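Participant: Protein sequences, first through last, are from chains L and W. Here the first sequence is numbered in the working numbering, starting from 1 and rising by one per residue. Here the second sequence is numbered in the working numbering, starting from 1001 and rising by one per residue.
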Amino acid sequence: DGGITQSPKYLFRKEGQNVTLSCEQNLNHDAMYWYRQDPGQGLRLIYYSQIVNDFQKGDIAEGYSVSREKKESFPLTVTSAQKNPTAFYLCASNSGRAADTQYFGPGTRLTVL
Amino acid sequence: AQSVAQPEDQVNVAEGNPLTVKCTYSVSGNPYLFWYVQYPNRGLQFLLKYITGDNLVKGSYGFEAEFNKSQTSFHLKKPSALVSDSALYFCAVRAGSSASKIIFGSGTRLSIRP
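(1) Return the first residue and the last residue of the beta strand (DSSP E) that W/Pro1031 is part of.
(2) Who pairs with W/Ser1100 in a beta bridge, going by DSSP?
(3) Can you tell me whether L/Asn94 is buried or exposed, with buried defined as 16 or more other CB within 10 angstroms of its CB?
(4) Please report whether the beta-carbon of W/Gly1043 lies at a distance below 7 Å from any beta-carbon of chain L.
(5) Spell out a yes or no on whether the stretch 17-34 of chain L and the stretch 78-95 of chain L are touching, meaning 3 or more CB-CB pairs, one atom from each, closer than 8 Å.
(6) Flag this pair as yes or no: are the beta carbons of W/Val1011 and W/Thr1108 separated by less than 7 Å?
(7) Taking 7 Å as the threshold (beta carbon to beta carbon), is W/Phe1074 in contact with chain L?
(8) Do L/Ile46 and L/Gln25 have their C-beta atoms within less than 7 Å of each other?
(9) State the beta-bridge partners of W/Asn1068 as determined by DSSP.
(10) What does DSSP give as the partner residue(s) for W/Tyr1061 in the beta ladder?
(11) Going along the chain, which residues of its own chain have a beta-carbon closer than 6 Å to the beta-carbon of L/Val112, five neighbours each way excluded?
(12) Would you mind telling me which residues of chain L sit closer than 7 Å to W/Ile1051, beta carbon to beta carbon, in chain order?
(13) Counting only the same chain and skipping the five closest in sequence on each side, list residues whose C-beta sits under 8 Å from that of W/Ala1095.
(14) Since W/Thr1024 is in the beta strand (DSSP E), which residue starts that stretch and which ends it?
(15) Can you list the residues of chain W that L/Gln102 reaches, using a CB-CB cut of under 9 Å?
(16) Tell me the rounded alpha-carbon separation between L/Ile51 and L/Glu72.
(17) Closer than 6 Å to a non-hydrogen atom of the ligand COA - does that hold for the CB of L/Val78?
(18) Between the alpha carbons of L/Asp1 and W/Leu1082, how many angstroms are there, rounded?
(19) Buried or exposed for W/Asp1085, please, with buried defined as at least 16 other CB atoms from any protein chain shown within 10 angstroms of its CB.
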């Protein structure tokens, strides 16, 4: 899983709560990404950031928010507006150059109770 | 628009036999192609990538992939499968621009039977 850490590993949320998933990298990468993976499914891009203090919506940004105040950190908040948040969330990073490998964290499994 | 297809949801192979996991892509310009593996409840691990040069790329755990420009394919192969190769495999493509996003296929579950 390289130099990317995600916490917590498991997270339980009650209906109507906001929760924040942590993602930290020590790879000195400029670009960071959040993906959602549903059981037996591929990856869907939620948000990405190519540089500090800037980020863009991915394919399924509704109900999620992010910030990029530091190069090493890209936290994801799952808001109460996300109607079906139960999923496996993956954070990734790379240098930002197209040919460079994207490295992934170990993931956070979010379950709504 | 970029796209990548993994036409098989599942591939079943006997241990010791060769395996192939298929991937085709569509991208404007030169493609950068990647293969990743995912074990249960884990993040994706990088296996190999094609950027330029030799069409046959060798990667981790004895895997290799062949870039075929005319067929727009990048199939993952291994000469002799191991039970421990059982996992979910993702192909990904990115156009040759730092502004482009990496696009992942839907994944292929590889099952190796003893």
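Each residue gets a CB set at the ideal place from its N, CA and C atoms; glycine is no exception. Computed from a predicted structure; not experimentally measured.
Facilitator: With the given structure in hand:
(1) Taken as a continuous stretch (DSSP letters only), the beta strand (DSSP E) holding W/Pro1031 covers Pro1031 to Gln1038.
(2) Answer is none; W/Ser1100 lacks a bridge partner.
(3) Looking at its Cβ environment, which holds 16 or more other Cβ atoms inside 10 Å, L/Asn94 is buried.
(4) For W/Gly1043, the answer is yes, since a Cβ of chain L falls inside 7 Å of its Cβ.
(5) Segment contact: the stretch 17-34 of chain L against the stretch 78-95 of chain L, three or more CB-CB distances shorter than 8 Å; contact assigned.
(6) W/Thr1108 sits close to W/Val1011, with the two beta carbons spaced by under 7 Å.
(7) False, the Cβ-Cβ gap to chain L never drops below 7 Å.
(8) No, Cβ-Cβ distance for L/Ile46 and L/Gln25 is not below 7 Å.
(9) In the DSSP output, where bridge partners are listed per residue, W/Asn1068 has W/Ser1073.
(10) Answer is none; W/Tyr1061 lacks a bridge partner.
(11) Residues of the same chain with a CB within less than 6 Å of the CB of L/Val112, apart from the 5 flanking positions on each side, are Arg13, Pro85 and Thr86 in chain order.
(12) Per Cβ cutoff of 7 Å: Ala99.
(13) Gln1002, Val1027, Ser1028, Gly1029, Asn1030, Pro1031 and Tyr1032, listed in sequence order.
(14) Following the DSSP letters along the chain, one finds W/Thr1024 inside the beta strand (DSSP E) bounded by residues Thr1024 to Ser1026.
(15) Per Cβ cutoff of 9 Å: Phe1034, Tyr1036, Leu1044, Phe1046, Ala1092, Arg1094 and Ile1102.
(16) Their backbone Cα atoms lie some 11 Å apart in a straight line.
(17) Among the ligands in the structure shown, none appear at all, so the ligand COA cannot be discussed.
(18) Bear in mind that the predicted position of L/Asp1 carries a pLDDT of just 48, short of 50, making it unreliable; the figure below should be weighed with that in mind. Going from the Cα of L/Asp1 to the Cα of W/Leu1082 covers about 22 Å.
(19) By the 10 Å Cβ count, W/Asp1085 comes out buried.
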